[in-house]
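Colleague: Starting off with a structure, shown below.
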Amino acid sequence: MSTIVFTGGGTGGHVYPGLAVYRELPREQQERVLWIGSRRGIERGIVGDQGIRYRAIPTGKLRRYFDLQNFLDLFRVAAGFFAAFWILKREGARLVFSKGGFVAVPVVAAARVAGVPVVIHESDADPGLATRLTAPLAQVICLPYEESIQAFSPSLQKRAVVTGNPVREEFFSASAQDALSLAGLHDEGGPVVFVTGGSLGARQLNQYVGEQIGPLTEMATVIHQTGEHGADMIQEIAAAARPGRYAGFPSLSGEFAPLLRRSDLVICRAGAGSIWELAVTGTPAVLVPLSSASSRGDQERNAARYAASGAALVFSEDQGGSEALLLMVQTLLQDPARRESMARAARAFAGDNSARSIAGIIGRIIE
1 MSTIVFTGGG TGGHVYPGLA VYRELPREQQ ERVLWIGSRR GIERGIVGDQ
51 GIRYRAIPTG KLRRYFDLQN FLDLFRVAAG FFAAFWILKR EGARLVFSKG
101 GFVAVPVVAA ARVAGVPVVI HESDADPGLA TRLTAPLAQV ICLPYEESIQ
151 AFSPSLQKRA VVTGNPVREE FFSASAQDAL SLAGLHDEGG PVVFVTGGSL
201 GARQLNQYVG EQIGPLTEMA TVIHQTGEHG ADMIQEIAAA ARPGRYAGFP
251 SLSGEFAPLL RRSDLVICRA GAGSIWELAV TGTPAVLVPL SSASSRGDQE
301 RNAARYAASG AALVFSEDQG GSEALLLMVQ TLLQDPARRE SMARAARAFA
351 GDNSARSIAG IIGRIIE
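Counting from 1, position 8 in the sequence shown corresponds to residue 8 in UniProt numbering; the numbering is continuous, with no gaps.
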(Lines of atoms letter the chains of each structure in order from A and count residues from 1; the text may use other names and numbers.)
(Lines give C-alpha, C1' and ligand atoms only; values in the text may rest on other atoms or scores of the structure.)
Protein backbone atom coordinates (compact mmCIF):
# COMPACT_ATOMS: atom_id res chain seq x y z
CA MET A 1 0.00 0.00 0.00
CA SER A 2 1.45 3.37 -1.03
CA THR A 3 2.26 6.00 1.60
CA ILE A 4 1.09 9.61 1.90
CA VAL A 5 3.99 11.67 3.26
CA PHE A 6 3.48 14.79 5.34
CA THR A 7 6.39 17.10 6.15
CA GLY A 8 6.88 20.34 8.07
CA GLY A 9 8.26 21.50 11.37
CA GLY A 10 10.31 23.90 13.43
CA THR A 11 7.34 25.65 15.04
CA GLY A 12 3.76 24.73 15.81
CA GLY A 13 2.67 26.83 12.83
CA HIS A 14 4.35 24.28 10.54
CA VAL A 15 2.85 21.29 12.35
CA TYR A 16 -0.67 21.89 13.69
CA PRO A 17 -2.17 22.96 10.34
CA GLY A 18 -0.75 19.77 8.83
CA LEU A 19 -2.44 17.76 11.57
CA ALA A 20 -5.70 19.52 10.74
CA VAL A 21 -5.40 18.32 7.14
CA TYR A 22 -4.46 14.82 8.31
CA ARG A 23 -7.62 14.58 10.41
CA GLU A 24 -9.78 15.47 7.42
CA LEU A 25 -8.44 12.57 5.38
CA PRO A 26 -10.57 9.40 5.21
CA ARG A 27 -9.55 6.76 7.75
CA GLU A 28 -7.97 4.50 5.13
CA GLN A 29 -5.77 7.40 3.97
CA GLN A 30 -4.82 8.38 7.54
CA GLU A 31 -3.47 4.89 8.11
CA ARG A 32 -1.09 5.41 5.19
CA VAL A 33 0.43 8.69 6.45
CA LEU A 34 4.09 9.02 7.36
CA TRP A 35 5.49 12.32 8.70
CA ILE A 36 9.07 13.31 7.85
CA GLY A 37 10.55 15.86 10.23
CA SER A 38 13.77 16.81 11.98
CA ARG A 39 15.50 14.89 14.74
CA ARG A 40 15.14 17.52 17.45
CA GLY A 41 12.22 19.67 16.30
CA ILE A 42 9.03 20.04 18.29
CA GLU A 43 7.18 18.26 15.48
CA ARG A 44 8.53 14.90 16.63
CA GLY A 45 6.67 14.97 19.92
CA ILE A 46 3.52 16.58 18.54
CA VAL A 47 3.19 14.11 15.69
CA GLY A 48 4.11 11.15 17.87
CA ASP A 49 1.30 12.01 20.28
CA GLN A 50 -1.15 11.58 17.40
CA GLY A 51 0.04 8.06 16.69
CA ILE A 52 1.38 9.01 13.25
CA ARG A 53 4.46 7.20 11.98
CA TYR A 54 7.50 9.49 12.02
CA ARG A 55 10.89 9.47 10.33
CA ALA A 56 13.64 11.99 11.11
CA ILE A 57 16.15 13.35 8.61
CA PRO A 58 19.17 15.68 8.93
CA THR A 59 18.20 19.33 8.48
CA GLY A 60 19.82 22.70 7.96
CA LYS A 61 18.40 26.11 8.71
CA LEU A 62 17.41 28.50 5.94
CA ARG A 63 19.00 31.87 6.70
CA ARG A 64 18.59 35.12 4.78
CA TYR A 65 21.88 36.51 6.08
CA PHE A 66 25.56 35.51 5.94
CA ASP A 67 26.62 33.03 8.58
CA LEU A 68 29.38 30.43 8.60
CA GLN A 69 26.72 27.90 9.59
CA ASN A 70 25.21 28.33 6.11
CA PHE A 71 28.17 26.44 4.67
CA LEU A 72 27.81 23.54 7.10
CA ASP A 73 24.06 23.47 6.63
CA LEU A 74 24.49 22.85 2.92
CA PHE A 75 25.87 19.44 3.85
CA ARG A 76 23.02 18.83 6.30
CA VAL A 77 20.44 19.72 3.66
CA ALA A 78 22.16 17.41 1.18
CA ALA A 79 22.14 14.61 3.76
CA GLY A 80 18.46 15.34 4.39
CA PHE A 81 17.74 15.11 0.66
CA PHE A 82 19.30 11.65 0.33
CA ALA A 83 17.63 10.42 3.53
CA ALA A 84 14.24 11.69 2.32
CA PHE A 85 14.75 10.17 -1.14
CA TRP A 86 15.49 6.78 0.44
CA ILE A 87 12.41 6.99 2.67
CA LEU A 88 10.14 7.97 -0.23
CA LYS A 89 11.38 5.08 -2.35
CA ARG A 90 11.21 2.53 0.45
CA GLU A 91 7.71 3.61 1.44
CA GLY A 92 6.41 3.75 -2.12
CA ALA A 93 5.25 7.32 -1.52
CA ARG A 94 2.21 8.34 -3.54
CA LEU A 95 2.17 12.03 -2.57
CA VAL A 96 4.01 14.55 -0.39
CA PHE A 97 2.12 17.28 1.46
CA SER A 98 4.41 20.04 2.77
CA LYS A 99 3.42 22.47 5.49
CA GLY A 100 6.72 24.30 5.27
CA GLY A 101 9.65 25.03 7.51
CA PHE A 102 13.27 24.29 6.67
CA VAL A 103 12.87 20.51 7.10
CA ALA A 104 10.38 20.44 4.20
CA VAL A 105 12.81 21.69 1.54
CA PRO A 106 14.93 18.53 1.12
CA VAL A 107 11.79 16.36 1.31
CA VAL A 108 10.07 18.26 -1.49
CA ALA A 109 13.25 18.25 -3.59
CA ALA A 110 13.58 14.49 -3.10
CA ALA A 111 9.94 14.02 -4.08
CA ARG A 112 10.51 15.90 -7.33
CA VAL A 113 13.50 13.72 -8.22
CA ALA A 114 11.57 10.58 -7.24
CA GLY A 115 8.60 11.60 -9.39
CA VAL A 116 6.23 11.92 -6.43
CA PRO A 117 3.48 14.59 -6.70
CA VAL A 118 3.78 17.47 -4.21
CA VAL A 119 1.13 19.68 -2.62
CA ILE A 120 2.39 22.59 -0.49
CA HIS A 121 0.62 25.05 1.78
CA GLU A 122 1.73 28.55 2.82
CA SER A 123 0.05 30.13 5.85
CA ASP A 124 1.32 33.70 5.67
CA ALA A 125 0.03 36.44 3.41
CA ASP A 126 3.54 36.72 1.94
CA PRO A 127 5.25 33.40 1.14
CA GLY A 128 8.24 32.45 3.27
CA LEU A 129 11.61 31.32 1.99
CA ALA A 130 10.79 27.59 2.19
CA THR A 131 7.65 28.12 0.11
CA ARG A 132 9.50 30.17 -2.49
CA LEU A 133 12.06 27.38 -2.83
CA THR A 134 9.55 24.54 -3.02
CA ALA A 135 6.74 26.15 -5.05
CA PRO A 136 8.40 25.48 -8.45
CA LEU A 137 8.53 21.77 -7.49
CA ALA A 138 4.85 21.49 -6.50
CA GLN A 139 1.81 20.41 -8.50
CA VAL A 140 -0.53 22.44 -6.28
CA ILE A 141 0.28 25.54 -4.20
CA CYS A 142 -2.34 26.18 -1.50
CA LEU A 143 -2.50 29.79 -0.30
CA PRO A 144 -4.43 31.71 2.37
CA TYR A 145 -5.52 34.77 0.35
CA GLU A 146 -6.23 35.80 -3.22
CA GLU A 147 -3.53 38.48 -3.08
CA SER A 148 -0.95 35.86 -2.06
CA ILE A 149 -1.05 34.54 -5.63
CA GLN A 150 0.66 37.71 -6.88
CA ALA A 151 3.88 36.72 -5.10
CA PHE A 152 4.47 34.02 -7.72
CA SER A 153 5.39 34.03 -11.41
CA PRO A 154 2.59 33.65 -13.99
CA SER A 155 3.49 29.99 -14.56
CA LEU A 156 3.27 29.20 -10.83
CA GLN A 157 0.06 31.20 -10.42
CA LYS A 158 -1.66 28.59 -12.58
CA ARG A 159 -0.92 26.00 -9.90
CA ALA A 160 -2.15 28.17 -7.01
CA VAL A 161 -5.40 27.50 -5.14
CA VAL A 162 -6.81 29.75 -2.41
CA THR A 163 -7.79 27.50 0.49
CA GLY A 164 -7.42 29.68 3.58
CA ASN A 165 -5.49 28.24 6.53
CA PRO A 166 -6.15 24.81 8.07
CA VAL A 167 -7.37 24.77 11.67
CA ARG A 168 -7.84 21.64 13.76
CA GLU A 169 -11.39 20.36 14.21
CA GLU A 170 -11.44 21.00 17.96
CA PHE A 171 -11.40 24.76 17.36
CA PHE A 172 -14.68 24.41 15.48
CA SER A 173 -16.32 22.16 18.07
CA ALA A 174 -14.80 23.26 21.41
CA SER A 175 -17.20 24.35 24.15
CA ALA A 176 -16.60 27.28 26.47
CA GLN A 177 -18.51 25.55 29.26
CA ASP A 178 -16.26 24.55 32.15
CA ALA A 179 -13.21 25.76 30.19
CA LEU A 180 -11.74 27.61 33.17
CA SER A 181 -11.92 24.47 35.31
CA LEU A 182 -9.43 22.94 32.86
CA ALA A 183 -7.05 25.69 33.98
CA GLY A 184 -7.79 25.06 37.65
CA LEU A 185 -9.87 28.22 38.07
CA HIS A 186 -13.42 28.89 39.19
CA ASP A 187 -15.54 30.59 36.53
CA GLU A 188 -16.99 33.72 38.15
CA GLY A 189 -18.77 34.67 34.93
CA GLY A 190 -16.62 37.77 34.45
CA PRO A 191 -14.33 38.64 31.55
CA VAL A 192 -11.43 36.34 30.66
CA VAL A 193 -8.21 37.49 28.99
CA PHE A 194 -6.01 34.83 27.40
CA VAL A 195 -2.36 35.77 26.77
CA THR A 196 -0.34 33.40 24.61
CA GLY A 197 2.95 33.57 22.76
CA GLY A 198 2.29 30.32 20.90
CA SER A 199 4.19 27.07 21.09
CA LEU A 200 7.56 28.75 21.69
CA GLY A 201 6.34 31.58 23.90
CA ALA A 202 6.99 35.31 23.55
CA ARG A 203 9.35 37.07 25.95
CA GLN A 204 7.83 40.50 25.30
CA LEU A 205 4.28 39.34 26.07
CA ASN A 206 5.46 37.60 29.23
CA GLN A 207 7.18 40.81 30.31
CA TYR A 208 4.03 42.86 29.69
CA VAL A 209 1.94 40.42 31.77
CA GLY A 210 4.48 40.45 34.58
CA GLU A 211 4.47 44.26 34.72
CA GLN A 212 0.68 44.65 34.67
CA ILE A 213 -0.69 41.47 36.26
CA GLY A 214 -2.04 43.36 39.30
CA PRO A 215 -4.38 45.76 37.46
CA LEU A 216 -5.05 43.17 34.75
CA THR A 217 -6.45 40.66 37.26
CA GLU A 218 -8.61 43.39 38.79
CA MET A 219 -10.30 43.67 35.37
CA ALA A 220 -10.44 40.01 34.37
CA THR A 221 -9.38 36.45 34.95
CA VAL A 222 -6.08 35.89 33.11
CA ILE A 223 -4.92 32.69 31.42
CA HIS A 224 -1.25 32.90 30.46
CA GLN A 225 0.68 30.53 28.19
CA THR A 226 4.31 31.48 28.73
CA GLY A 227 6.09 28.96 26.52
CA GLU A 228 8.80 26.73 28.00
CA HIS A 229 11.31 29.60 28.13
CA GLY A 230 8.99 31.64 30.33
CA ALA A 231 8.03 28.88 32.75
CA ASP A 232 10.23 30.27 35.52
CA MET A 233 8.14 33.49 35.55
CA ILE A 234 4.83 31.84 36.42
CA GLN A 235 5.27 31.63 40.19
CA GLU A 236 6.40 35.23 40.51
CA ILE A 237 3.55 36.55 38.34
CA ALA A 238 0.98 34.46 40.22
CA ALA A 239 2.17 35.94 43.52
CA ALA A 240 1.44 39.46 42.24
CA ALA A 241 -1.98 38.58 40.79
CA ARG A 242 -5.34 38.83 42.50
CA PRO A 243 -5.99 35.41 44.12
CA GLY A 244 -8.02 33.05 41.95
CA ARG A 245 -7.69 35.27 38.87
CA TYR A 246 -4.48 33.97 37.26
CA ALA A 247 -3.32 30.65 35.86
CA GLY A 248 0.00 30.31 34.02
CA PHE A 249 1.21 27.37 31.95
CA PRO A 250 4.38 26.71 29.94
CA SER A 251 2.23 24.95 27.34
CA LEU A 252 -1.38 23.99 26.71
CA SER A 253 -2.76 21.14 24.67
CA GLY A 254 -6.35 19.91 24.89
CA GLU A 255 -7.29 22.91 27.04
CA PHE A 256 -6.29 25.47 24.40
CA ALA A 257 -9.37 25.46 22.16
CA PRO A 258 -11.96 25.52 25.00
CA LEU A 259 -10.06 28.37 26.71
CA LEU A 260 -9.99 30.30 23.44
CA ARG A 261 -13.78 29.85 23.16
CA ARG A 262 -14.28 31.06 26.73
CA SER A 263 -12.04 34.11 26.41
CA ASP A 264 -13.49 37.57 25.94
CA LEU A 265 -10.17 38.84 24.61
CA VAL A 266 -6.89 37.28 23.49
CA ILE A 267 -3.49 38.97 23.47
CA CYS A 268 -1.09 37.14 21.18
CA ARG A 269 1.46 37.26 18.39
CA ALA A 270 0.27 37.44 14.81
CA GLY A 271 1.37 34.10 13.43
CA ALA A 272 -0.91 32.92 10.65
CA GLY A 273 -2.06 29.86 12.59
CA SER A 274 -3.00 31.91 15.65
CA ILE A 275 -5.00 34.35 13.55
CA TRP A 276 -7.09 31.62 11.95
CA GLU A 277 -7.72 29.92 15.31
CA LEU A 278 -9.02 33.27 16.58
CA ALA A 279 -11.18 33.60 13.48
CA VAL A 280 -12.71 30.14 13.73
CA THR A 281 -13.55 30.61 17.42
CA GLY A 282 -14.77 34.18 16.89
CA THR A 283 -12.53 35.56 19.64
CA PRO A 284 -11.66 39.30 19.69
CA ALA A 285 -7.93 39.95 19.90
CA VAL A 286 -5.13 42.41 20.43
CA LEU A 287 -2.30 41.32 18.15
CA VAL A 288 1.30 42.12 19.11
CA PRO A 289 3.27 41.14 16.01
CA LEU A 290 6.97 40.52 15.86
CA SER A 291 8.51 43.63 14.35
CA SER A 292 10.20 43.59 10.96
CA ALA A 293 13.43 44.45 12.78
CA SER A 294 13.46 40.98 14.39
CA SER A 295 11.71 38.96 11.68
CA ARG A 296 10.92 39.02 7.97
CA GLY A 297 7.87 41.19 8.72
CA ASP A 298 5.28 38.51 8.01
CA GLN A 299 3.55 38.96 11.36
CA GLU A 300 3.12 42.69 10.82
CA ARG A 301 1.49 42.04 7.46
CA ASN A 302 -0.67 39.23 8.88
CA ALA A 303 -1.81 41.52 11.69
CA ALA A 304 -2.59 44.44 9.41
CA ARG A 305 -4.69 42.29 7.11
CA TYR A 306 -6.65 40.68 9.95
CA ALA A 307 -7.19 43.99 11.76
CA ALA A 308 -8.53 45.49 8.51
CA SER A 309 -11.38 42.97 8.71
CA GLY A 310 -12.44 44.49 12.04
CA ALA A 311 -11.65 41.36 14.04
CA ALA A 312 -8.64 42.66 16.02
CA LEU A 313 -6.58 45.61 17.12
CA VAL A 314 -2.83 45.80 16.60
CA PHE A 315 -0.40 46.90 19.31
CA SER A 316 3.16 47.71 18.27
CA GLU A 317 6.23 48.59 20.29
CA ASP A 318 6.20 52.20 19.13
CA GLN A 319 2.79 52.72 20.79
CA GLY A 320 4.40 52.43 24.19
CA GLY A 321 5.04 49.76 26.79
CA SER A 322 2.85 47.58 28.98
CA GLU A 323 0.84 50.53 30.33
CA ALA A 324 -0.34 51.44 26.83
CA LEU A 325 -1.27 47.81 26.17
CA LEU A 326 -3.17 47.69 29.46
CA LEU A 327 -5.17 50.76 28.44
CA MET A 328 -6.09 49.14 25.11
CA VAL A 329 -7.24 45.99 26.91
CA GLN A 330 -9.25 48.01 29.43
CA THR A 331 -10.99 49.93 26.65
CA LEU A 332 -12.08 46.73 24.92
CA LEU A 333 -13.21 45.01 28.12
CA GLN A 334 -15.43 48.00 28.87
CA ASP A 335 -17.06 47.86 25.42
CA PRO A 336 -19.02 44.60 24.96
CA ALA A 337 -20.71 45.89 21.79
CA ARG A 338 -17.37 46.43 20.10
CA ARG A 339 -16.13 43.00 21.13
CA GLU A 340 -19.27 41.43 19.67
CA SER A 341 -18.67 43.29 16.41
CA MET A 342 -15.08 42.00 16.39
CA ALA A 343 -16.32 38.45 17.01
CA ARG A 344 -18.68 38.64 14.02
CA ALA A 345 -15.88 39.96 11.82
CA ALA A 346 -13.61 37.13 12.97
CA ARG A 347 -16.13 34.43 12.08
CA ALA A 348 -16.70 36.01 8.66
CA PHE A 349 -12.94 36.05 8.06
CA ALA A 350 -12.62 32.31 8.77
CA GLY A 351 -14.72 31.26 5.77
CA ASP A 352 -14.90 27.59 4.77
CA ASN A 353 -13.07 24.66 6.34
CA SER A 354 -9.60 24.95 4.79
CA ALA A 355 -8.30 21.62 6.09
CA ARG A 356 -11.20 19.82 4.43
CA SER A 357 -10.51 21.60 1.13
CA ILE A 358 -6.82 20.62 1.15
CA ALA A 359 -7.65 17.02 2.12
CA GLY A 360 -9.95 16.96 -0.91
CA ILE A 361 -7.12 18.14 -3.18
CA ILE A 362 -4.87 15.37 -1.82
CA GLY A 363 -7.60 12.80 -2.33
CA ARG A 364 -8.18 13.77 -5.97
CA ILE A 365 -4.46 13.51 -6.78
CA ILE A 366 -3.97 10.05 -5.26
CA GLU A 367 -7.16 8.55 -6.69
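All C-beta atoms, glycine included, are put in the ideal place defined by N, C-alpha and C.
This structure is a prediction, so every number in the text was calculated from the model and none was measured.
(1) Along the chain, where does the alpha helix (DSSP H) that runs through threonine 134 open and close?
(2) Around the Cβ of proline 17, are there at least 16 other Cβ atoms within 10 angstroms (buried) or fewer (exposed)?
(3) Throw me the rounded Cβ distance for the leucine 326 and proline 215 pair, which I believe falls under 8 Å.
(4) Assuming tyrosine 54 is part of the beta strand (DSSP E), what are its boundary residues?
(5) So the candidates are Leu182, Arg269, Ala78; which of them puts its Cα closest to the Cα of glutamine 299?
(6) Just to confirm my understanding: we take glycine 184, look at its own chain, exclude 5 residues before and 5 after, and list those with CB closer than 8 Å. What are they?
(7) Measuring alpha carbon to alpha carbon, tell me which of Ile57, Ile141, Val286, Ala257 ends up nearest alanine 79.
(8) Would you mind sorting arginine 262 into buried or exposed? The rule is 16 or more other CB atoms within 10 Å of its CB.
(9) At what residues does the beta strand (DSSP E) containing glutamine 225 begin and finish?
(10) Based on Cα-Cα distance, which residue from Arg55, Pro117, Leu252 lies nearest to glutamate 367?
(11) Nearest by alpha-carbon distance to glycine 198: which of Phe152, Thr163, His229 is it?
(12) How far does the beta strand (DSSP E) with glycine 248 in it reach, from first residue to last?
(13) By the three-class DSSP mapping on this structure, what secondary structure does serine 98 have?
(14) Measure the beta-carbon distance from glutamate 43 to valine 167 and round it to whole angstroms, keeping in mind my assumption that it falls under 8 Å.
(15) According to DSSP, simplified to helix, strand and coil, what is threonine 7?
(16) Check each candidate in Gly9, Phe85, Leu259, Ile267 and name the one with the smallest Cα separation from glutamate 122.
(17) Between which two residues does the beta strand (DSSP E) holding leucine 137 run?
(18) Would you list the one or two residues that DSSP bridges to valine 314?
(19) From arginine 285 to glutamate 340, what does the alpha carbon distance come to, in whole angstroms?
(20) Below 8 Å on the Cβ atoms is my contact criterion, and I expect alanine 279 with arginine 347 to pass it. Report the Cβ-Cβ distance as a whole number of Å.
(21) Just list the residues that DSSP pairs residue 435 with in beta bridges.
(22) Quick check: the Cα distance between alanine 176 and arginine 94, rounded to an integer number of angstroms?
(23) Excluding the 5 residues preceding and the 5 following phenylalanine 349 in the sequence, name in chain order all residues of the same chain whose CB lies nearer than 6 Å to its CB.
(24) If you follow the alpha helix (DSSP H) that glycine 256 is part of, which residue opens it and which one closes it?
(25) Could you spell out the range, first to last residue, of the alpha helix (DSSP H) harbouring isoleucine 362?
(26) Can you give me the C-alpha to C-alpha distance between glycine 101 and phenylalanine 81, rounded to a whole angstrom?
(27) Whole angstroms is fine: what's the gap from glycine 321's alpha carbon to isoleucine 361's?
(28) Suppose contacts are defined by Cβ-Cβ distances below 7 Å. Is leucine 265 in contact with leucine 205 by that definition?
Modeller: Reading off the structure:
(1) 129 to 134 is the extent of the alpha helix (DSSP H) around threonine 134.
(2) Taking all protein chains in view, the Cβ of proline 17 is crowded by 16 or more other Cβ atoms within 10 Å, so the residue is classified as buried.
(3) Contact flag correct, Cβ pair sits at about 6 Å.
(4) For tyrosine 54, the enclosing beta strand (DSSP E) begins and ends at 53 to 57.
(5) Checked all of Leu182, Arg269, Ala78; the closest Cα to glutamine 299 is Arg269.
(6) Taken in chain order, the residues that qualify are Ala247.
(7) Closest option to alanine 79, Cα to Cα, is Ile57.
(8) The residue is buried, with at least 16 neighbouring Cβ atoms inside 10 Å.
(9) For glutamine 225, the enclosing beta strand (DSSP E) begins and ends at 221 to 225.
(10) The closest CA to that of glutamate 367, considering only Arg55, Pro117, Leu252, is found on Pro117.
(11) Checking every option, the nearest Cα to that of glycine 198 belongs to His229.
(12) That run of the beta strand (DSSP E) goes 246 to 249.
(13) Taken through DSSP and simplified to helix, strand or coil, serine 98 comes out as strand.
(14) So it is not a contact: roughly 18 Å between Cβ atoms.
(15) Correct three-state label for threonine 7: strand.
(16) Taking only the C-alpha atoms, the option nearest glutamate 122 is Gly9.
(17) Leucine 137: not part of any beta strand (DSSP E); DSSP gives it neither H nor E.
(18) Note: valine 314 sits in a beta bridge opposite Leu287.
(19) For the sequence presented, residue 285 should be read as alanine rather than arginine. Take the alpha-carbon of alanine 285 and the one of glutamate 340: they are about 11 Å apart.
(20) The pair is a contact, with the Cβ atoms about 7 Å apart (cut-off 8 Å).
(21) Residue 435 is absent from the structure shown; the chain starts at 1 and stops at 367.
(22) Each residue's Cα considered, the two are about 40 Å apart.
(23) Around phenylalanine 349: Ala279, Ser309, Ala311.
(24) In the sequence as presented, glycine is not what sits at residue 256; that position holds phenylalanine. DSSP places phenylalanine 256 inside the alpha helix (DSSP H), whose first and last residues are 256 to 262.
(25) It spans 354 to 366 - the alpha helix (DSSP H) in which isoleucine 362 sits, taken as one unbroken run.
(26) Taking the straight line from one Cα to the other gives about 15 Å.
(27) Cα to Cα, glycine 321 sits roughly 45 Å from isoleucine 361.
(28) Leucine 205 sits away from leucine 265, with the two beta carbons spaced by 7 Å or more.
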